[in-house]
Amino acid sequence: MDKQQYTCVLVSDFNLQNFAGYVANDPEFPAIKVITAPFGQPVSTLLHKDLPCWQNTPDVAVIWTRPQSVISDFNALLRYEQVALQQVLQQVDEYSSLLVNMSEGVRYAFVPFWVLPSYRSVFGVLDMKTEIGLTNTVMRMNLRLAENLEEASNIYVLNTHKWIERAGIHAFSPKLWYLGKIVFGNEVFKEAARDVKAALRGMLGYARKLIIVDLDDTLWGGIVGDVGWENLVLGGHHHLGEAYIDFQQALKSMKNRGILLAIVSKNEEQVAIEAIRKHPEMVLKLDDFAGWRINWQDKVQNVLDLMTELNLGPQSAVFIDDSPGERARVKESLPEVFVPDWPKDPLLYPATLLSLRCFEMPSLSQEDLDRATMYFTENKRQELKKTVRSLEEWLTRLAIRVQVEELHPANLQRATQLLNKTNQMNLSTRRMSEAELMTWAEHKHHKLWTLRVSDKFGDAGLTGIVSLEIQDRKAQIVDFILSCRVLGRKIEETMLFTAIHHARALGIEDVYARYIPTSKNKPCLDFFNSLAPRFQQKGDCFMRDGKEPFLVPEHIELVP
Amino acid sequence: MHEKITQMLFSVIDELNQLRPPEEHLQKDLETPLTGDFGRLDSAGLINLIVVTEQQTAEKLGIPILLTDDRTMSQVNQVFHTLGTLADYIHLLLQEKRDG
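Quick mapping for you: the protein sequence lines, in order, are chains L and D.
Quick note, this note's numbering runs 141 ahead of the 1-based positions in the first sequence.
Quick note, this note's numbering runs 946 ahead of the 1-based positions in the second sequence.
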């Protein structure tokens, strides 16, 4: 995890000092320095970009308001004056414009949606009636706000109700309000701070991508080797069996969202596989797992082997096991693997899984949704590799096609995601929002290309980025990013061809790449080192004559 | 009862310390100064102390108390001088409730 401190601006019409305290002092990564905007002036703060709090492009802004403070017509509704709903929504539109405008000056903005204290329902059963009930109006305002903010890719509306539900009876504290103008109880702020930090971790590329699960008493009840697959506790009219089904369904939903699943279990592989294949109530099928290690060896070694097979680092994995001993061993030996405390009671498994805050992603692309399928096809590639005599023959038989495109609105989301979460083959490890990346790419001295890779087994999607910055007849390769799922197939050389070909057309004299080391991007250094003598290393730079052609690898077909 | 009150106040300190950087953590010690010349709490800190103490007294000792009434506010510097003076005051309030 990086040690950088990120800045977070808090804008509110009420006292957010407690929230600031939790955000700043939570020991979880990332470290956050909080800057509190002038108290009680949210609209004015959003309007004035020259305020000190907006200087140096803050990483995050949290704009947390009460509806009556920023929507004056709603304030009138609180006094039960007659105001047309349309009029209220028009003010929501105006407020949304302010937020969109503000978002241009920050990397990410979070807007907790509006809530009313639960005691505020004077009209009781009329509370959900349109044009009468306040709760009805607030819901419509929130929906309108969320729809309006869709246009800004770096603004996220947060679910305040989730925090209130978890805080229970202490969610609203009239006492805190009258003593300190603090709207919510501290449990609400704690939950909010955890969500904001989890979201930021996701945006910085630290979302977990893989769940490794045990089998016995984790995916099903009972020890399959002892009782046989026919007698496992799974499904049926049994509260435990239903909980295991729900847990599997929760895992399946994660898989459908792009999180990979894998198994590490101490069992006879044949017996365990038979249970997965034959048990009629199994929700998860063998194809749902990207890999498995089912044997009697040490689970730490099995986790490491699995990570190598899947080409993922330990910081990508979550390890779920019912045994406290196995959890402790993995936690101690592989500190980067996230090992959540796991309840003894299987009835709590589904809720525990679904409340983990480690899968936050700033966007969901088609590549995410197809990830599990991609790993399945990857197995086919690896099987082919075992049948051929050389790497070249394998690459030729894969029939790889690469489509190179400049950055445009349709590929911006995926390109930004790749930029922000790729760690290994990443030259400079820049992290940027969609707006920042597009602005950078549109600069007249900059050029950025994305690469889509496919072969006879399937489409790996947008998996590469290369960018150039031109200055004084020199071209610097700024970004050189390749997803680990297509590493080692000469896509790297195709990226260099793309950049150098463009530089040559401009008559550039020198092309160079500056390697910025991180704890994870040594594979990138190794790749550039392997290019000698086509690239010469000078300090942290790899240079070459810009006039020299760089050939596209023979087995790669460039497609329009 | 005094020991129960002390333990309850230590859990209040745990709560408050989550809002503070490690170097400003309050010690779980009855001598810990809260307000006054050597006090460690600013006004927001005092508000949190009051609200969390009221909540935890009700939850952990089963008896609700009020720390924002005129009686308490008129002697705020004495009641909230140290963790120990606060413990004594809560003990007094609980004693009065028990005696009716």
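Heads up, the beta-carbon is just placed ideally off N, CA and C, and yes, glycines get one too.
Here the structure is a predicted model, which means the values were calculated and not measured.
Item	Value
Counterpart residues of I404(L) in DSSP-defined beta bridges	V354(L), W433(L)
For I657(L), the nearest candidate out of T635(L), S569(L), V203(L) (CA to CA)	S569(L)
Amino acids of chain L, ordered along the chain, whose beta-carbon sits closer than 9 Å to that of A1004(D)	Within 9 Å Cβ-Cβ: nothing; A1004(D) doesn't reach chain L, min ~11 Å.
Coarse secondary structure for S595(L), derived from DSSP in three states	strand
W205(L): first and last residue of the uninterrupted alpha helix (DSSP H) it sits in	Careful: W205(L) lies outside any alpha helix (DSSP H), inside the beta strand (DSSP E) at 201 to 205.
Cβ contact check for the stretch 578 to 595 of chain L and the stretch 541 to 552 of chain L: 3 or more pairs under 8 Å	yes
Where H311(L) meets chain D, residues with beta-carbon distance less than 8 Å	Q1001
N567(L) in three-state terms, based on DSSP	strand
Cβ shell of Y297(L) (< 6 Å), same chain only, five flanking positions each side left out	F251
Within chain L, partners of V997(D) - CB distance below 7 Å	S314, K316, L317
Pick from W361(L), T449(L), F460(L) that is closest to A413(L), judged by C-alpha positions	W361(L)
Whole-angstrom distance between E473(L) and A94(L), CA atom to CA atom	Residue 94(L) lies beyond the residue range present for chain L, which begins at 142 and ends at 701; the question has no answer from this structure.
Complete runs of the alpha helix (DSSP H) confined to the stretch 662 to 688 of chain L [at least 4 residues]	663 to 671
Within 9 Å, strictly: CB atoms of F254(L) and A308(L)	no
Min CB distance A165(L) to chain D below 9 Å	yes
In DSSP terms, what S608(L) is bridged to	L589(L)
Opposing strand residues paired with G146(L) [DSSP bridges]	Residue identity check: residue 146(L) is Gln in the sequence provided, not Gly. According to DSSP, which records beta bridges pairwise, Q146(L) is partnered with A172(L).
Whole runs of the beta strand (DSSP E) within the stretch 487 to 569 of chain L, excluding any shorter than 3 residues	542 to 547
As assigned by DSSP and simplified to three states, the class of W361(L)	strand
For P1010(D), the three-state DSSP class (helix, strand or coil)	coil
Host alpha helix (DSSP H) of Y319(L) (start-end)	315 to 321
DSSP three-state assignment for S153(L), whether helix, strand or coil	strand
For A1004(D), the three-state DSSP class (helix, strand or coil)	helix
Cα-Cα separation, R614(L) to I461(L)	54 Å
Beta-carbon separation (whole angstroms), L560(L) vs D620(L), contact threshold 8 Å	7 Å
Chain-ordered chain D contacts of Q703(L) [CB-CB under 8 Å]	Residue 703(L) falls outside the range modelled here, since chain L spans only 142 to 701, and no answer is possible.
Contacts of A990(D) in chain L (Cβ-Cβ under 9 Å)	N156, Q158, N159, G162, G321, I323
Under 8 Å by beta carbon: chain L residues contacting P967(D)	A165, N166
N- and C-terminal bounds of the alpha helix (DSSP H) containing R285(L)	275 to 290
Within chain L, the residues that I993(D) reaches when beta carbons sit closer than 8 Å	L317, L320, G321, I323
Beta-ladder partner(s) of T614(L), from DSSP	Strictly speaking, residue 614(L) in this sequence is Arg, with Thr absent from that position. Looking at the DSSP assignment, R614(L) forms no beta bridge with any residue, so it has no partner.
Alpha helix (DSSP H) segment containing P465(L), residue limits	465 to 474
Cβ neighbours of Q612(L) in the same chain (closer than 7 Å, five flanking residues each side left out)	H586
Minimum Cβ-Cβ distance from Q964(D) to chain L less than 9 Å	yes
N452(L) to L239(L) span [Cα, whole Å]	44 Å
Three-state secondary structure assigned by DSSP to L345(L)	coil
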